[in-house]
Amino acid sequence: MALDGSVATLLTIQYNLCLGTLATFGNGRSDVEKIISEVLDYRISGQFCLTEINHGLNAINIETSATLQPNGEFLLHTPHPGAAKYMPPTCPFGIPCIAIILARLIVDGDDYGIRGFIVKLHDGFKMTPGNLEKPRSIRESFFENIQRVISGTLSMGAVTLPALRIGCYIGTAYSLRRQVLDPSTRTMRPISSFSTQYIPLLTSIARTLVFCAFGQEMYERFVDPSISSPSQKHFVASVFKTTVYRHTAEIILQLGDRCGAQGLFAAEVRGAAIAEGDILGISIRFAIDTLRGKVELYEPKYPDHLIAQHEQSIINELRLSLLQSKDHRSIETERMLLPHCRGVLEAIGHRWAYEAAVSRGVSQPIIDLFEASLFELDPAWYSENGGISRWEQKSLLLERATALYEDLPQFLKLLDVEDYVTAPIVSKERWEKYVMQLPVFVNDDEPSTTLLVSHHVDITSPQNITLSTRIH
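This is the structure we're talking about:
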């Protein structure tokens, strides 16, 4: 999945959103069980149509309706173009396709809330009978019908972990083999030996290893049977996804920059950041819930640690602002709080990630470097409240990264992704083999000159942009 983001998207839609929803409501339903079997074997494509052109983050207000007819059938209706469903992979492509269509159930003119309907997209449409009992809470019924989005939030966050490991491997392997002439000694040295190179490499590796422990911890917390609240599970998943995506976007871009012209990777993570829980949207929802005490933060295991103090300070500042407002939905409160909501979830995520790394045995030097790498995200707070000046913050980062530099080659094995790396820049042998396989364009007027031009693909299979001339 890390090698092809589009495959990851299709699989999460197929098995999490579509199949997961069918499994939730298909118990004892032979008609649904048959469809489940076909979706499980990928004999039919399964889609999940919730959002509309005019309703993304506010999907609870979708306008597509399913009206019960006198003969027991349902009439699906899109009242205007803005209510059209927004799910790209629904075009015919060789196998049948069904979708879970989320629509407002209308019975005798009464709105029964949002329900899911199975529609055979490529063969016309045919809905199976639904539950006509009107729910006590329209809002709770809505979230029950889209509950697979909650697990999707966790799974889309998890997709970043192998991508981070592969990115760190490529950047590190390239930096260790690439050498330049040191003008002061007139000897060759690897570019990894420069602090401008090994600091971002090692901080990226430290964050990646800590986030791998974080991901495993969040998975176990998510499936913990003692946590029955869907909202709490969604909170756990949202903290994880929000935290890791912020760092993934930065790390992939930074590692590409550190590889120079051969690092012109096109790593696109925005689609997954939006899918199954837009990061800004879920941050706003759960940051406000956090400030209002609607979700459980879990007691800090190390309350005196700077990362835990930073989390608590951020929450307390905004909670005080919220308490001073008359209504948490007012325009004034919105203007004050919304820009900081993502930071709230990230602060929580950093504390959870630190605790997960400690409990799962990540080496202390890696954890210490992870901690120092967080200073740059809020240097004013760590200076004002942690008593660490800006220069001391930079010095700590340099000191902890330098202490790990000699072990940099060992981290390649620790990342455990060598078998999945196809980038030619990671070794001299791979690069030479790659260059020799490039298309050859011969100048007919000067046959002694051969121009080699490579192709551009993304970071997960980075045969990078390069232009070279070979003279025979």
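Sequential numbering from 1 applies to the sequence shown in my numbering. Backbone N, C-alpha and C define an ideal beta-carbon position, used for all residues, glycine too.
Residue environment, residue i, which counts as buried when at least 16 other CB atoms sit within 10 Å
| i | result |
| --- | --- |
| Ala206 | buried |
| Ala261 | exposed |
| Thr449 | Low local confidence applies: a pLDDT of 49 at Thr449 is under 50, so the model's placement there is unreliable, with the coordinate-based value given in what follows. Exposed: under 16 other Cβ atoms inside 10 Å. |
| Gly387 | exposed |
| Thr185 | exposed |
| Leu483 | The question about residue 483 has no answer here: the residues shown for the chain are numbered 1 through 472. |
| His328 | exposed |
| Gly20 | buried |
| Met188 | exposed |
| Asn16 | buried |
| Glu73 | exposed |
| Lys294 | exposed |
| His310 | buried |
| His472 | For His472, the predicted structure reports a pLDDT of 38, less than 50, and the residue's modelled location is therefore unreliable. A value from the coordinates is still provided. Flag for His472 reads exposed. |
| Val421 | buried |
| Val236 | buried |
| Pro359 | A quick correction: the sequence has Ser, not Pro, at residue 359. That one is exposed. |
| Asp378 | buried |
| Thr196 | exposed |
| Met436 | exposed |
| Glu355 | buried |
| Ile53 | exposed |
| Lys34 | exposed |
| Thr208 | buried |
| Gly124 | In this prediction, Gly124 has a pLDDT of 33, which is less than 50 and means its spatial position is unreliable; what the coordinates show is noted afterwards. Exposed, by the Cβ-count rule. |
| Ala380 | exposed |
| Glu296 | exposed |
| Ala240 | The question names Ala, but residue 240 in the sequence shown is Phe. Buried, because 16 or more other Cβ atoms sit within 10 Å of the Cβ of Phe240. |
Identity of the residues DSSP links to residue i by a beta bridge
| i | result |
| --- | --- |
| Ala287 | Answer is none; Ala287 lacks a bridge partner. |
| Gln179 | Pro190 |
| Ser45 | Cys97 |
| Lys120 | Ile98 |
| Asp111 | Ile106 |
| Glu52 | His55, Lys85 |
Minimum Cβ-Cβ distance from residue i to chain C less than 9 Å
| i | result |
| --- | --- |
| Asn71 | Of the protein chains in this structure there is only one, and it is not chain C. |
Closest Cα partner of residue i within the set the options
| i | options | result |
| --- | --- | --- |
| Leu475 | Ser204, Gly28, Ser231 | Since the first residue of the chain shown is 1 and the last is 472, residue 475 is not available in this structure. |
| Ser427 | His340, Ile98, Ser175 | Ser175 |
| Ala357 | Tyr245, Val210, Pro225, Val435 | Val210 |
| Leu68 | Thr160, His247, Arg115 | Arg115 |
| Ile62 | Asn71, Cys49, Pro70 | Cys49 |
| Ser151 | Arg221, Arg29, Ser325 | Arg221 |
| Gly94 | Glu392, Ile44, Thr51 | Ile44 |
| Pro96 | Leu75, Ser65, Gln47, Asp108 | Gln47 |
| Tyr245 | Arg342, Leu398, Gly26, Arg29 | Arg342 |
| Ala353 | His340, Leu398, Tyr382, His247 | His247 |
| Ile36 | Gly56, Gly215, Gln14, Thr51 | Gln14 |
| Tyr198 | His340, Leu404, Tyr382, Thr24 | Leu404 |
| Thr24 | Ser363, Leu161, Ile100 | Ile100 |
| Leu306 | Ile118, Leu374, Ser193 | Leu374 |
- Assess, as a yes-or-no matter, whether the segment 156 to 166 is touched by the segment 403 to 417 under the definition of 3 or more beta carbon pairs within less than 8 Å. yes
- Query: Could you give the uninterrupted runs of the beta strand (DSSP E) lying entirely in the segment 54 to 87, keeping only those of 3 residues or more?
  - Reply: 65 to 68, 74 to 77
- Item | Complete runs of the alpha helix (DSSP H) confined to the segment 211 to 267 [at least 4 residues] | 230 to 258
- Message: So, does the segment 238 to 258 touch the segment 320 to 338, judging by three or more C-beta pairs under 8 Å?
- Response: no
- Entirely enclosed alpha helix (DSSP H) segments - the segment 324 to 361, minimum 4 residues: Entirely contained in the segment 324 to 361, the alpha helix (DSSP H) runs reaching 4 residues are, in chain order, 331 to 337, 341 to 359.
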